[in-house]
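S.K.: If you scroll down you'll find the structure; I have some questions about it.
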Amino acid sequence: MSTIAMELAPSRSDAAARVAFHVACAVAGSLLVAALAQISFTLPFTPVPITGQTLGVLLVGAAYGPGLGATTLGLYLVWAVVGLPVLAPEADGSHRSGIEVLQLASATGGYLWGFVVAAAITGWLATRGWDRSMRSSISAMLLGSIVIYAFGVPWLMAALDVPLQQGLEFGLYPFVIGDTLKLLAAAGLLPVAWTAIRRLRPGGED
Numbered sequence: 517m518s519t520i521a522m523e524l525a526p527s528r529s530d531a532a533a534r535v536a537f538h539v540a541c542a543v544a545g546s547l548l549v550a551a552l553a554q555i556s557f558t559l560p561f562t563p564v565p566i567t568g569q570t571l572g573v574l575l576v577g578a579a580y581g582p583g584l585g586a587t588t589l590g591l592y593l594v595w596a597v598v599g600l601p602v603l604a605p606e607a608d609g610s611h612r613s614g615i616e617v618l619q620l621a622s623a624t625g626g627y628l629w630g631f632v633v634a635a636a637i638t639g640w641l642a643t644r645g646w647d648r649s650m651r652s653s654i655s656a657m658l659l660g661s662i663v664i665y666a667f668g669v670p671w672l673m674a675a676l677d678v679p680l681q682q683g684l685e686f687g688l689y690p691f692v693i694g695d696t697l698k699l700l701a702a703a704g705l706l707p708v709a710w711t712a713i714r715r716l717r718p719g720g721e722d
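Sequence positions in the sequence shown follow the working numbering and run 517 to 722.
Given below as structure tokens:
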């Protein structure tokens, strides 16, 4: 099955236009995640902020598919490494950047790597039709969110040298409600987008 982006992409016969479309999608998607990262709230007891990033990660992955979704989040990490202010701001308003943000010493590095994998997984599920209904979209978004924490929490524990319980207190428990709301929002947007595509292109893929 197709994804939203591939449904809107130029025909395979026009290779140049298709490549340009993919590049534009990757840039736009990475900038969306960067913009949502600026919606950030720092907590006094953990280095992990509450941000809008995961909403962007889940939407990009599901809308783009596994390959383009993972590439887009990889591009987002490249922006951070080269010094652009795309990550969530620190408490003083500054932005961390450089290769160190992805290294084991960075308490939030695991979440960033998890973004890439989560985009790939939600994208893979979308190619199997999980983004077509609210119920299956919720399942896809939930699995994507679990992947982010599966990378983020153990990485945080290693970086801070804290046990599991403290790692969960720092890197999971404070974010459950907010991430539940974000995954519900992402899950709700996808079927609506498919409905709009079917109305605009009634002859397109079902």
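Ideal placement from N, C-alpha and C gives every residue a C-beta, glycine not left out.
By a C-beta neighbour count over all protein chains shown, 10 Å radius and 16 as the cutoff for buried, is ILE637 buried or exposed?
M.R.: Here residue 637 refers to the residue found at position 121 of the sequence shown. Buried: at least 16 other Cβ atoms inside 10 Å.
S.K.: Can you give the beta carbon distance from ALA621 to ALA675, rounded, assuming they're within the 8 Å contact cut?
M.R.: On the sequence shown, position 105 is the one that residue 621 refers to. On the sequence shown, position 159 is the one that residue 675 refers to. Rounded, the Cβ-Cβ distance is 6 Å, consistent with contact.
S.K.: Does DSSP classify ILE467 as helix, strand or coil?
M.R.: There is simply no residue 467 to check, as the chain begins at 517 and stops at 722 in what is shown.
S.K.: One question on the structure: do LEU600 and VAL617 come within less than 8 Å of each other, judged by their Cβ atoms?
M.R.: Along the sequence shown, read from residue 1 onward, the residue named residue 600 stands at position 84. Along the sequence shown, read from residue 1 onward, the residue named residue 617 stands at position 101. Taking 8 Å as the Cβ cut-off, LEU600 and VAL617 do not qualify as a contacting pair.
S.K.: I believe VAL576 touches GLY625 by the beta-carbon criterion, under 8 Å. Please report the beta-carbon distance rounded to the nearest angstrom.
M.R.: By one-based count along the sequence shown, residue 576 stands at place 60. By one-based count along the sequence shown, residue 625 stands at place 109. VAL576 to GLY625, Cβ: 20 Å. No contact.
S.K.: How many Å lie between PHE691 and GLY609 at the Cα?
M.R.: For this step, residue 691 is matched to residue 175 along the sequence shown. For this step, residue 609 is matched to residue 93 along the sequence shown. A direct Cα-Cα distance of roughly 21 Å separates PHE691 from GLY609.
S.K.: Would you call the stretch 521 to 531 and the stretch 576 to 585 in contact, with 3 or more CB pairs under 8 Å?
M.R.: yes
S.K.: Quick one: residues in its chain with C-beta nearer than 6 Å to the C-beta of ALA586, no 5 flanking neighbours on either side, listed in chain order?
M.R.: For the purposes of this step, residue 586 is taken as residue 70 along the sequence shown, with counting starting at 1. Closer than 6 Å at Cβ, skipping near neighbours: VAL632, ALA635, ALA636.
S.K.: Determine whether the beta carbon atoms of LEU589 and VAL549 lie at a separation below 8 Å.
M.R.: One-based indexing of the sequence shown puts residue 589 at position 73. One-based indexing of the sequence shown puts residue 549 at position 33. Yes, the Cβ-Cβ distance between LEU589 and VAL549 is below 8 Å.
S.K.: Flag this pair as touching only if the stretch 529 to 544 and the stretch 650 to 667 have three or more C-beta atom pairs under 8 Å; answer yes or no.
M.R.: no
S.K.: Using a threshold of 8 Å, state whether the C-beta atoms of ALA623 and PRO563 are closer than that.
M.R.: Against the sequence shown, residue 623 aligns to sequence position 107. Against the sequence shown, residue 563 aligns to sequence position 47. Yes; because the gap between Cβ atoms is below 8 Å, this pair is in contact.
S.K.: My guess is that SER649 and PRO605 are in contact by the Cβ rule of under 8 Å, so how many angstroms apart are they, rounded?
M.R.: As a position in the sequence shown, residue 649 is number 133, starting the count at 1. As a position in the sequence shown, residue 605 is number 89, starting the count at 1. Not a contact, Cβ separation roughly 36 Å.
S.K.: Is the separation between the beta-carbon of ALA607 and that of THR567 shorter than 8 Å?
M.R.: What you label residue 607 is simply residue 91 of the sequence shown in a count that begins at 1. What you label residue 567 is simply residue 51 of the sequence shown in a count that begins at 1. For ALA607 and THR567, no; Cβs fall outside 8 Å.
S.K.: Helix, strand or coil: how does DSSP classify PRO582 here?
M.R.: Taking the sequence shown and counting its residues from 1, the one referred to as residue 582 is at position 66. In the structure shown, PRO582 sits in a helix (DSSP, three-state: H, G or I).
S.K.: Buried or exposed: which applies to ALA536, given that a residue is buried once 16 or more other Cβ atoms fall within 10 Å of its Cβ?
M.R.: Taking the first residue of the sequence shown as 1, we reach residue 536 at position 20. Label assigned to ALA536: exposed.
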